Amino acid sequence: MPEDLREKLLLLIVKARSQVKASTSIWYPADNIELNKMLLTQLPWKTQEGPKTHELIFNTKDISSNPDLPKNISIVPFTEEHLEATCSMLDKSLSHTFDDPNSSVFLSNKENHLIAWLEKAVQGDCCIMVDNGEIAGAYILEGAKIDFMAVASHKQGKGLGSLLLHHAKNHILATSNEEPYLYCMDRNPSALRFYLREGMKRSGYSGYIMI
Numbered sequence: 001m002p003e004d005l006r007e008k009l010l011l012l013i014v015k016a017r018s019q020v021k022a023s024t025s026i027w028y029p030a031d032n033i034e035l036n037k038m039l040l041t042q043l044p045w046k047t048q049e050g051p052k053t054h055e056l057i058f059n060t061k062d063i064s065s066n067p068d069l070p071k072n073i074s075i076v077p078f079t080e081e082h083l084e085a086t087c088s089m090l091d092k093s094l095s096h097t098f099d100d101p102n103s104s105v106f107l108s109n110k111e112n113h114l115i116a117w118l119e120k121a122v123q124g125d126c127c128i129m130v131d132n133g134e135i136a137g138a139y140i141l142e143g144a145k146i147d148f149m150a151v152a153s154h155k156q157g158k159g160l161g162s163l164l165l166h167h168a169k170n171h172i173l174a175t176s177n178e179e180p181y182l183y184c185m186d187r188n189p190s191a192l193r194f195y196l197r198e199g200m201k202r203s204g205y206s207g208y209i210m211i
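Just so you know, we're using full-length UniProt numbering here: the sequence shown kicks off at 1 and counts up by one.
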């Protein structure tokens, strides 16, 4: 990066940050090593680097009928009776993505999640997978974005993730003209391989720092 451009960029960031009263983030192309180094070492504040993130999409032409579910499995809108079991399942299956894997991110905020999830469930944007009466997975949508999706740890590797992902994809394609997409962290390589195997394509790769 030319020195004059570097200085202009730093001044622009400093000016923008001075107008923000709280911590904020700067997103940048994750494969730009020089920019990454500059942001981490040359800003006049303490910075914290976040995980690198892949954006993945489905093509709008990929709509298909939902795969047949085994008789013991159903995918249904979330209800209040599912709250405790869903939060517990998410805390266990997504713990590897938490800064503190031992924290109960969902259970400790279950009242707030309940309100949001019930609202989304009305439109089919918050669904759970039930396997013989047990919560086996869940997904939550934010428009065309699959905000998150998870399968219970002890149920993984049995094809349930594929059923859940394509159910979410088909719901998005049936209710909007947008391409379904999601974000996957670098530190979750098994999930990245899964999404690519299921037909998603990389559409972006980003990093961010907190300042």
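The beta carbon of each residue, even a glycine, is placed where N, CA and C say it ideally should be.
These numbers come from a predicted model, not from an experiment.
Q: Classify leucine 141 as helix, strand or coil using the three-state DSSP reduction.
A: The three-state secondary structure of leucine 141, taken from DSSP, is strand.
Q.
Please report the straight-line C-alpha distance between histidine 54 and cysteine 184, rounded to a whole angstrom.
A. Going by the C-alpha atoms only, they are around 5 Å apart.
Q.
Here's a check: name, in chain order, each residue in its chain whose Cβ is nearer than 8 Å to the Cβ of residue 214, leaving out the five neighbours to either side.
A. Here the chain has residues from 1 to 211 only, and residue 214 is not among them.
Q. Below 9 Å between beta carbons: does that hold for methionine 210 and threonine 24?
A. The criterion of a C-beta distance shorter than 9 Å is satisfied by methionine 210 and threonine 24.
Q. Apart from the five residues just before and just after arginine 187, which ones in its own chain have a Cβ nearer than 6 Å to its Cβ?
A. Pro51, listed in sequence order.
Q | Pairwise C-alpha distance: isoleucine 57 and lysine 201 | A | Distance between the alpha carbons of lysine 201 and isoleucine 57: 5 Å.
Q: Using only the heavy atoms of the ligand SAH, determine whether one of them is closer than 8 Å to the beta carbon of glutamate 34.
A: Absence of the ligand SAH is noted for the structure shown, with no ligands found whatsoever.
Q) Which residues does DSSP pair with tryptophan 27 in a beta bridge? A) According to DSSP, tryptophan 27 bridges with Tyr208.
Q: Using the Cα positions of isoleucine 26 and tyrosine 208, report the straight-line distance between them to the nearest angstrom.
A: Separation of isoleucine 26 and tyrosine 208 (C-alpha to C-alpha, rounded to the nearest whole angstrom) is 5 Å.
(Q) With H, G and I counted as helix, E and B as strand and the rest as coil, what does DSSP make of valine 76? (A) Under the three-state reduction of DSSP, valine 76 is assigned to strand.
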